[in-house]
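All remarks here apply to the structure that follows.
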DNA sequence: CACGATGTCTGCATCGTTGCAGAGCGGTTA
DNA sequence: TAACCGCTCTGCAACGATGCAGACATCGTG
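Protein chains in written order, with UniProt numbering: chain D, 1 to 339; chain C, 1 to 339.
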């Protein structure tokens with residue numbers, strides 16, 4: 001059966017539509033007698049407001065959309081939890097979508113009639129979208145970007161300092177006395193990528209310690225997944241001069257590396273120390289537990305939502321801001337050991 | 001600036017609103033001359049349709065909502081990916097929300113003016129909601145339930161056979177020659193829970209093998225998280241007669257158990273064999289890798305979306321169906337060893 | 001030339017809600 | 001008694017789109 005509308009309730013209660021609306025929303029003063037009649041009719045008809053109509057009238061939906069490449073990458077799942085919480089604090093429901101890390105899916109978001117129009121704002125963690133594509137989109141929903149990707153100043157944008165994070169991770173390995181430090185996760189073929197910033201940080205740390213940069217120790221990976229980490233670690237150990245430490249560009253690569261090393265009979269951290277970035281919970285329980293650099297996901301989420309809400313609600317849209325979130329080094333078993 | 005509407009485009013192109021709408025949607029035949037004029041105006045004004053208005057008129061949004069307790073529980077993240085894919089195949093965008101496993105958040109979904117009205121349908125994996133609460137909700141969006149929770153016949157519902165899954169897992173441990181088999185994850189205080197079905201399967205397997213049931217070996221846990229698995233495993237090993245195998249009610253508990261055992265100096269699988277349920281990718285890369293019972297997430301997602309779409313689009317709503325998805329035993333290192 | 005058939009295009013009503021302006025009414029004040 | 005106030009309540013218009021019925025022009029046919 002059709003849902004009851006304000007009109008149905010009004011005719012049943014013998015009042016005007018407007019009065020029913022007032023009762024439902026608690027707007028204007030309504031006499032007790034009428035209110036009672038209306039409320040009876042409301043429950044009898046099991047009325048519930050049509051939010052689409054309300055949204056149309058009010059020009060907003062109260063919903064934000066968070067788009068990440070892959071939800072089953074724990075970092076994004078943990079981030080999503082934080083963003084959902086931050087959204088709630090600002091009175092917005094956050095719905096999450098993923099693009100499967102598929103460029104065409106990412107571009108779909110920018111389409112004329114993307115479903116995103118239904119949302120008041122968009123928090124996007126892009127993987128392959130270029131700044132230009134984003135600027136030229138046929139879609140004016142307010143956007144805040146996550147991650148180090150594209151910062152040409154057109155959009156507000158929240159991220160940790162990836163160069164510093166990578167430097168900290170590498171420096172930590174160096175502080176253990178390791179000298180042949182490998183890196184897994186470079187992506188030299190993309191522009192503006194997180195990966196390249198992390199490579200820069202890695203090299204800075206080497207340089208600062210006076211260690212040589214050996215390109216053979218830097219393994220690119222197409223994506224940041226466990227399996228690729230395992231493969232890369234195995235390949236590294238097969239080198240004539242294998243490394244004594246590995247910096248992985250994220251924790252998932254590191255989890256794979258731990259596994260690959262173990263299968264190769266390499267002891268961690270005794271033979272090879274391993275560190276990642278992301279601070280996912282999984283690394284706390286692995287064997288050995290994983291040292292990592294933890295981005296402050298709470299802070300990232302809060303800053304992103306605050307920026308977005310400012311864009312949405314602000315009379316004068318604030319200038320696009322580049323916001324830095326904090327990160328912390330978290331040493332665990334995978335880098336245990338005296339200097 | 002205000003977004004351009006059909007009216008704006010129409011007045012600029014000197015045609016009727018209706019004609020612009022026809023051009024945008026490719027509905028009626030439009031002469032080339034007019035079409036060109038309209039399309040010029042469309043691009044000049046950067047028109048994009050207001051989906052809220054369209055949805056209001058058409059009475060549908062083309063979006064489904066998937067609600068899970070916690071996105072950072074890998075099983076749910078992996079399931080979400082499958083549901084999103086299945087939704088796309090049917091022409092729906094799937095947006096994901098989580099309740100933080102918070103009963104009040106779950107109940108919020110059923111509220112009069114829950115944001116869910118914006119969606120054409122709801123796929124819900126409830127944690128604490130009772131069947132009655134669901135039936136009495138003030139919200140008529142079509143629903144399909146996931147997981148073994150509440151099957152009083154009011155709703156369509158997709159799940160694996162949890163009793164059989166637990167039986168298979170336990171039987172696998174027994175087939176290794178283990179005789180003191182513990183269980184982590186019972187939840188005796190809730191009604192109709194997945195956990196209780198798994199306990200039933202566990203006991204069936206013991207009984208079938210003629211093994212005694214020892215309540216001391218069954219550890220309840222409030223939730224299915226790594227830390228609780230670690231704690232429970234540690235406690236089990238402190239018993240006067242510790243177990244030689246542990247069946248964990250999900251993989252996350254098992255990951256915690258592996259870690260707890262390792263910290264206690266227990267070797268897996270030599271001293272204690274471990275198995276979980278869920279088939280999360282994390283278990284493939286842990287040390288040791290985790291034996292598990294894998295629910296067919298693709299199938300669960302496909303069946304759930306198909307049921308929901310049938311509810312939404314079907315002229316005659318099909319009767320609520322109970323659908324069983326397949327599961328498979330996947331032995332890995334954590335249960336390696338001769339019988 | 002009259003007629004109907006076809007092909008384009010338009011205006012009105014409508015989806016369900018809320019904003020706005022004001023109607024009706026009882027009571028207070030001068 | 002007139003003027004005014006405040007409290008309730010109402011009707012109309014509007015949000016931006018689409019469904020529908022029909023207007024109008026053009027064309028072919030008898």
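Just so it is clear, CB atoms sit at the ideal spot from N, CA and C, and this is done for glycine as well.
Treat the numbers as computed from the prediction; the structure is a model and nothing was measured.
Within 10 angstroms of its Cβ, does residue i collect 16 or more other Cβ (buried), or is it exposed?
| i | result |
| --- | --- |
| residue 250/C | buried |
| residue 311/C | buried |
| residue 162/D | buried |
| residue 75/C | buried |
| residue 58/D | exposed |
| residue 328/C | exposed |
| residue 213/C | exposed |
| residue 98/D | buried |
| residue 120/D | buried |
| residue 69/C | buried |
| residue 339/C | Only weak support exists for where residue 339/C lies, its pLDDT of 48 falling under 50; the coordinates are left without a value. |
| residue 205/D | buried |
| residue 241/C | exposed |
Which residues in chain C have a C-beta closer than 9 Å to the C-beta of residue i? List them in chain order.
| i | result |
| --- | --- |
| residue 136/D | Per Cβ cutoff of 9 Å: no residues; residue 136/D is ~10 Å from chain C at best. |
| residue 237/D | Within chain C, no residue comes near residue 237/D; the closest Cβ sits about 16 Å away, beyond 9 Å. |
| residue 84/D | 71, 97, 98 and 100 |
Show which residues of chain C have a CB atom less than 8 Å away from the CB atom of residue i.
| i | result |
| --- | --- |
| residue 7/D | What residue 7/D touches in chain C: nothing, since even the nearest Cβ is about 15 Å away. |
| residue 124/D | Within chain C, no residue comes near residue 124/D; the closest Cβ sits about 14 Å away, beyond 8 Å. |
| residue 132/D | By Cβ distance, chain C contributes nothing, its closest Cβ being about 16 Å from residue 132/D, past 8 Å. |
| residue 22/D | Those do not exist, as residue 22/D stays about 15 Å from chain C at its closest Cβ, beyond 8 Å. |
| residue 256/D | 285 |
Assign residue i to one of three DSSP states: helix, strand, or coil.
| i | result |
| --- | --- |
| residue 13/C | helix |
| residue 128/C | coil |
| residue 208/D | helix |
| residue 272/D | coil |
| residue 323/C | strand |
| residue 357/D | The structure shown does not extend to residue 357/D, since chain D is modelled only from 1 to 339, so the question has no answer here. |
| residue 339/D | Only weak support is given to the placement of residue 339/D: the predicted model assigns it a pLDDT of 47, under 50, and the value that follows is read from those uncertain coordinates. Note: residue 339/D maps to coil in three-state DSSP. |
| residue 134/D | helix |
| residue 114/C | coil |
| residue 199/D | helix |
| residue 26/C | coil |
| residue 4/C | coil |
| residue 46/C | coil |
| residue 103/D | helix |
| residue 287/D | coil |
Rounded to whole angstroms, how far is the Cβ of residue i from the Cβ of residue j, which I believe are closer than 8 Å?
| i | j | result |
| --- | --- | --- |
| residue 274/C | residue 290/C | 7 Å |
| residue 39/C | residue 23/C | 7 Å |
| residue 248/C | residue 276/C | 5 Å |
| residue 125/D | residue 320/D | Not really, about 17 Å apart at Cβ, beyond 8 Å. |
| residue 123/D | residue 146/D | 6 Å |
| residue 185/D | residue 226/D | The pair is not a contact, with the Cβ atoms about 12 Å apart (cut-off 8 Å). |
| residue 335/D | residue 172/D | 6 Å |
| residue 325/C | residue 295/C | 6 Å |
| residue 292/D | residue 258/C | Wrong, their Cβ atoms sit about 19 Å apart, outside the cutoff. |
| residue 56/D | residue 52/C | 5 Å |
| residue 80/C | residue 71/C | 7 Å |
| residue 217/D | residue 236/D | 7 Å |
| residue 221/D | residue 148/D | Not quite, the Cβ-Cβ distance comes to about 17 Å (not below 8 Å), so this is no contact. |
Whose Cβ in chain D lies nearer than 9 Å to the Cβ of residue i?
| i | result |
| --- | --- |
| residue 259/C | 284, 285, 286, 287 and 289 |
| residue 215/C | The premise fails here: residue 215/C is roughly 27 Å from chain D at the closest Cβ pair, so nothing lies under 9 Å. |
| residue 74/C | 72, 74, 77 and 282 |
| residue 81/C | 70, 71, 72, 98 and 100 |
Can you check DSSP and say which residues form a bridge with residue i?
| i | result |
| --- | --- |
| residue 98/D | 68/D |
| residue 219/C | 184/C |
| residue 247/D | 183/D and 275/D |
| residue 158/C | 146/C and 323/C |
| residue 122/D | 65/D and 143/D |
| residue 295/C | 327/C |
| residue 93/D | 63/D |
Kindly list, in the order they appear in chain C, the residues whose Cβ is closer than 7 Å to that of residue i.
| i | result |
| --- | --- |
| residue 297/D | Those do not exist, as residue 297/D stays about 10 Å from chain C at its closest Cβ, beyond 7 Å. |
If the cut is a Cβ gap below 7 Å, which residues of chain D does residue i touch?
| i | result |
| --- | --- |
| residue 50/C | 117 |
| residue 140/C | 3 |
| residue 226/C | 281 and 285 |
| residue 340/C | This structure gives no information on residue 340/C, because the portion of chain C shown stretches from 1 to 339. |
Using a Cβ cut-off of 8 Å, pull out every chain D residue sitting near residue i, in sequence order please.
| i | result |
| --- | --- |
| residue 262/C | 287 |
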